[in-house]
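Working notes for the structure below.
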Amino acid sequence: ALEPRRGSRYSVLEGGALQPRRGSSSIDRTLASRLVVCPHLFFFFCGLFCLFWGFGIAVSFSAKLFCSVFPLSKQDDMGFFVVKLVKDLQVHPRFFNASLSDTLKQRLISEVEGQFAGRHGFIVIVQKIEEPIPVGEIDSSTGFAVFPIKYHALVFRPFRGEVLDSIVTRVLPHGFLASAGPLDIFVSHHCLPSDMKYDQQGECWVSINQADKIETKTAVRLKLIGLKVEATKMHATGSMKEDFLGPIASSADYI
Numbered sequence: 001a002l003e004p005r006r007g008s009r010y011s012v013l014e015g016g017a018l019q020p021r022r023g024s025s026s027i028d029r030t031l032a033s034r035l036v037v038c039p040h041l042f043f044f045f046c047g048l049f050c051l052f053w054g055f056g057i058a059v060s061f062s063a064k065l066f067c068s069v070f071p072l073s074k075q076d077d078m079g080f081f082v083v084k085l086v087k088d089l090q091v092h093p094r095f096f097n098a099s100l101s102d103t104l105k106q107r108l109i110s111e112v113e114g115q116f117a118g119r120h121g122f123i124v125i126v127q128k129i130e131e132p133i134p135v136g137e138i139d140s141s142t143g144f145a146v147f148p149i150k151y152h153a154l155v156f157r158p159f160r161g162e163v164l165d166s167i168v169t170r171v172l173p174h175g176f177l178a179s180a181g182p183l184d185i186f187v188s189h190h191c192l193p194s195d196m197k198y199d200q201q202g203e204c205w206v207s208i209n210q211a212d213k214i215e216t217k218t219a220v221r222l223k224l225i226g227l228k229v230e231a232t233k234m235h236a237t238g239s240m241k242e243d244f245l246g247p248i249a250s251s252a253d254y255i
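Residue 36 in the numbering used here sits at position 36 of the sequence shown; the count goes up by one each step and never skips.
Structure below.
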């Protein structure tokens, strides 16, 4: 005689016919419902994965777009960057000879090094000039040739919140002026420590205990709290109210 396997949902009748056991229909319905739910969960998690994957691609694309619009890159030190710039050089026809390429390179270096480059900051040095030099175009109004020269330059671009060492250039009753390379910084008396007072006779700022003294050619460490970029110049304001700011012990290395 045939006997059903233990745990089977069917019983064997006479003649070998199979009959579902009591309660098996509910079990079948449960299994069927699970089989229906599982594909829905699978497609849900697949959709969720695609959503996060697409979001990651969008963030990456936005970051690349930002870097292309603001091409400050390769940060070597605080405030110093390498940027790619273009300079249009006008050349007189008398320089159209075999040494034209050398003339363009010398003109570029002499015209851009030490100059202000707008939002990029101050050009410190030209590191590389891209070659070959592009073909120039004749300016019909002047007869000069215009060459768009592409180059890589090391620039000094300070940012708000950056700490810089500077040299005091002028002391005033309402603050003092300092310079950090090509950048001029004004420090108001409101941004000085509360224990510093202006000495009118000595034309300097002195602390109450005479420990700190700010006068012309004093090396001071400042924190930039404001920057204003104009077409031809950059202005900055600084502060000495935080810890580890103020006169530097020895200013011999900065003068």
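C-beta atoms are modelled at their ideal positions from N, C-alpha and C, and glycine is treated no differently. All figures in this text were calculated on a predicted structure; none of them were measured in a lab.
{"Asked": "Report the residue from VAL112, HIS189, GLY47 whose alpha carbon sits nearest the alpha carbon of LYS87.", "Found": "VAL112"}
{"Asked": "Who are the Cβ neighbours of GLN115 in its own chain at under 6 Å, not counting the five residues just before and after it?", "Found": "ILE123"}
{"Asked": "Could you have a look at ASP102 and say whether DSSP puts it in helix, strand or coil?", "Found": "helix"}
{"Asked": "Should the region 238 to 252 be regarded as contacting the region 205 to 223, the criterion being three or more beta carbon pairs within less than 8 Å?", "Found": "yes"}
{"Asked": "Considering only the beta carbon of each residue, do VAL168 and PHE176 sit closer than 8 Å?", "Found": "yes"}
{"Asked": "What whole-angstrom Cβ distance do PHE147 and LEU89 have, given they're in contact under 8 Å?", "Found": "5 Å"}
{"Asked": "Per DSSP, which residues does ARG221 bridge with? Please list them.", "Found": "ASP165, GLY246"}
{"Asked": "Who are the near neighbours of ALA318 in its chain, counting only those whose CB is closer than 8 Å to its CB and skipping five residues on each side?", "Found": "With the chain running from 1 to 255 in the structure shown, residue 318 is simply not present."}
{"Asked": "CYS46: buried (16+ other C-beta within 10 angstroms of its C-beta) or exposed?", "Found": "exposed"}
{"Asked": "Which residue marks the beginning of the beta strand (DSSP E) containing CYS204, and which one marks its end?", "Found": "204 to 207"}
{"Asked": "Would you list the residues sitting across from GLU137 in a DSSP beta bridge?", "Found": "VAL146"}
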